[in-house]
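Just so we're aligned, residue 82 is where the sequence shown starts under the numbering used here, counting upward by one. Read the structure below first, then the notes.
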Amino acid sequence: MFGQDRNQLRQMFFSSWNKHQKKLLMDPLEVLIADVILIHPEYHKLLEDKEVELERDYTPEMGQTNPFLHMSMHISIQEQLSTQRPQGINLVYRSMLNKNNDPHETQHLMMECLGKNLWEAQSQNRLPDENDYLECLKQYI
């Protein structure tokens, strides 16, 4: 979404949330980020503590979900749906949504497959496999 710079990514979340709260003019990406933040009230307070959260590490040993990674995955899924990539993602999403009737929960299910697909690609030093990703998603239909 923003490259490899963790602080740059996080800064986009802080900035978008700040602009949303102050009702300032926002570009489409900032609106998307603010919309994702809005559906995660559990992260609102941390986005108001930039000095602490900008540099904070979230490791599996801490037993906490990385809120920035979590929200970034929501954004990635929304970008997949808007660009219709991988091909067939919208049909699979609609089928998943018809089954559970909750867009937020549907995206959480999709994150399971997206995370698995990205982890496998990274650990095998290859590009993510779109077909494997779609097949994983189909298990939720």
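For each residue, glycine too, the CB sits at the ideal point set by N, CA and C. Just so you know, these numbers come straight off a predicted model, no measurement behind them.
- The stretch 114-130 and the stretch 91-99 touch, with three or more beta-carbon pairs separated by less than 8 angstroms.
- Within the model, the alpha-carbon separation for N212 versus E132 is close to 41 angstroms.
- With a cut-off of 8 angstroms on Cβ pairs, the stretch 146-155 is in contact with the stretch 114-122, counting three or more such pairs.
- From the listed residues E111, Q159, N206, the smallest Cα separation to T187 is found for Q159.
- Note that the C-beta distance between I170 and L178 is not below 8 angstroms.
- If you draw a 10 Å sphere on the C-beta of H155, you find 16 or more other C-beta atoms in it, and that means buried.
- The Cβ atoms of V173 and L199 lie no closer than 8 angstroms to each other.
- For M192, the enclosing alpha helix (DSSP H) covers residues 184-204.
- Here V117 is buried. Its C-beta has 16 or more other C-beta atoms within 10 Å.
- Per DSSP, T164 is one residue of the alpha helix (DSSP H) stretching across 148-164.
- In the three-state reduction of the DSSP assignment, R91 falls in the helix class, which pools H, G and I.
- By the C-beta density criterion, L190 is buried, having at least 16 other C-beta atoms within 10 angstroms.
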